[in-house]
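Under our numbering, the letters of the sequence shown match residues 6 to 337, in that order. All residues carry an ideal CB built from backbone N, CA and C; glycine is no exception. Note sheet for the following structure.
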Amino acid sequence: MQTIYYFKKDVRIVTGYYYNIILNGLKLNGNKVCEIEFHNSPEVNKLPKDTYFLITSFDTFVYLFFKGFRNIIYWYQGIVPEEDFLRTGSKLRRLAFSLAEKFSLKKVKFPICVSKYQVEFYEKKYHLNLKHAFVMPCFNSEFNRDNFYISDKYEHNVFCYAGGIQAYQGFNLILDTYKEIEEKYPNTFLKIYTFDLEKAKKIIKTYDIKNFSVESVPQSEVDDVLARCKFGFLIRDNNMINQVATPTKLANYLGNGVVPIFTDTIKAYADIAKEYKHLYCFGDTDKDIVIDKALHDVIAPDDLEKEYRNVMDKFFNPHKYSEQLSKYFENM
């Protein structure tokens, strides 16, 4: 039995659910988990060098590694060098992050990635063999059966999006798509849930969208507001960051009976969509066809619940992943 340490700063509202799945996997093997405030807390220096840590950032990895710790579980949430370059445009920062990322991937004993495409990207970019990596998509929501049976939910074409409005989250692409829908289908409505209220309203007005609302709700109420909508958008640019990502929004939608309309740029989710009827995934050439089909399909709540429960059980099941992780950590 081992004691695995993790850091409080890494367990935020959005990431806490995912972290707990990993921690539960560790505990299923009889391991003990212990929280420390920060990676540079004095308590860390008192621990034996064979101590295990669960981490999720380069600065934590570098600090621990050069303190002599080698037993590290690292959750790679995304491809940081590319994400940072998109945000800052700094080639120097991209190089520095790439060197740190490659070094960590070569040294970390238990890498956890969010998609097989992220693993393949690392292998190709850094010429590494990462067959030992564990893959688990990002999700932080449960299956809410009652939200499939809200009165008249599937009779009205209400679209929604909950999240930030930064460029990388595809907010403008969502507005482009909804504008096209509204012009073709007047009896539609768009609900936006974001903390950037005024900025979102200003952007939406430039699209001359007629039927919309913008609200801010706490994280604890997101499921409730999503549950009143028929469709949910998850639309991203076609770049490597999105190709390897697994945004939590898909599971948020499915768990609340919201029919997702999303782009095939998210490759892991495009793969899932091939297996199911009511996952509306489109590419550059079939966008209009897919969206028209979504709007014309008759949805039976019983059938949708069965289908989405199957998706959640197969791809977003916390208990399944905790059990798989317990096996992954057996040789710790």
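Next item on the list: Give a yes or no on whether the C-beta atoms belonging to F217 and I209 are separated by under 7 Å.
Entry: Contact: yes.
Margin query: The beta strand (DSSP E) that contains T8, what's its start and end?
Written below: For T8, the enclosing beta strand (DSSP E) covers residues T8 to F12.
Margin query: In the DSSP output, what is A167 paired with across the bridge?
Written below: DSSP lists Y198 as partners of A167.
Margin query: Which residues does DSSP list as the beta-bridge partners of F287?
Written below: Residue pairing from DSSP places F287 in a beta bridge opposite T268.
Notebook entry, point to check: Distance, Cα to Cα, G94 vs E88?
Noted result: Between the C-alpha atoms of G94 and E88 there is a straight-line separation of about 10 Å.
Margin query: For V205, which residues in the same chain have their Cβ closer than 7 Å to its Cβ, ignoring the five residues on either side in sequence?
Written below: Inspection of the sequence shows that residue 205 is occupied by Ala rather than by Val. Excluding sequence neighbours, A205 sits near I170, I197, T199 and V219.
Next item on the list: Can you say whether P1 is buried or exposed, counting buried as having 16 or more other CB atoms within 10 angstroms of its CB?
Entry: An answer regarding residue 1 cannot be provided, because it is not within the stretch 6 to 337 covered by the chain.
Check: Between Y333 and F139, is the Cβ-Cβ spacing less than 7 Å?
Finding: For Y333 and F139, yes; Cβs fall inside 7 Å.
Check: Along the chain, where does the beta strand (DSSP E) that runs through S218 open and close?
Finding: Where S218 is concerned, the enclosing beta strand (DSSP E) stretches over F217 to E220.
Notebook entry, point to check: Buried or exposed: Q123, going by 16 or more other Cβ atoms within 10 Å of its Cβ?
Noted result: With 16 or more other Cβ atoms within 10 Å, it is buried.
Check: Sorted by chain position, which residues of the same chain lie with C-beta nearer than 6 Å to V113's C-beta, five sequence neighbours on each side aside?
Finding: The residues I77 and Y79, in chain order, have a CB closer than 6 Å to that of V113 in the same chain once the five nearest residues on each side in sequence are set aside.
Checklist line | Cβ neighbours of F74 in the same chain (closer than 7 Å, five flanking residues each side left out) | finding: When the five nearest sequence neighbours on each side are left out, the beta carbons in the same chain lying within less than 7 Å of the beta carbon of F74 are those of K54, T56 and F58, in order along the chain.
Check: By a C-beta neighbour count over all protein chains shown, 10 Å radius and 16 as the cutoff for buried, is T270 buried or exposed?
Finding: Buried, because 16 or more other Cβ atoms sit within 10 Å of the Cβ of T270.
Notebook entry, point to check: According to DSSP, what are the bridge partners of K37?
Noted result: Answer is T8.
Item checked: C-beta neighbour in chain C for N243, strict 7 Å -> In summary, chain C is missing from the structure at hand, where a single protein chain is found.
Note to self: For G260, report the span of its beta strand (DSSP E) as first-last.
What the structure shows: Element bounds for G260: not the beta strand (DSSP E) but the alpha helix (DSSP H), K254 to G260.
Notebook entry, point to check: Are the Cβ atoms of V163 and K235 separated by less than 7 Å?
Noted result: Yes.
Note to self: Which residue wins for smallest C-alpha separation from K345, given the options P86, Y326, N152 and Y285?
What the structure shows: Lying outside 6 to 337, the shown extent of the chain, residue 345 is not represented and no answer is given.
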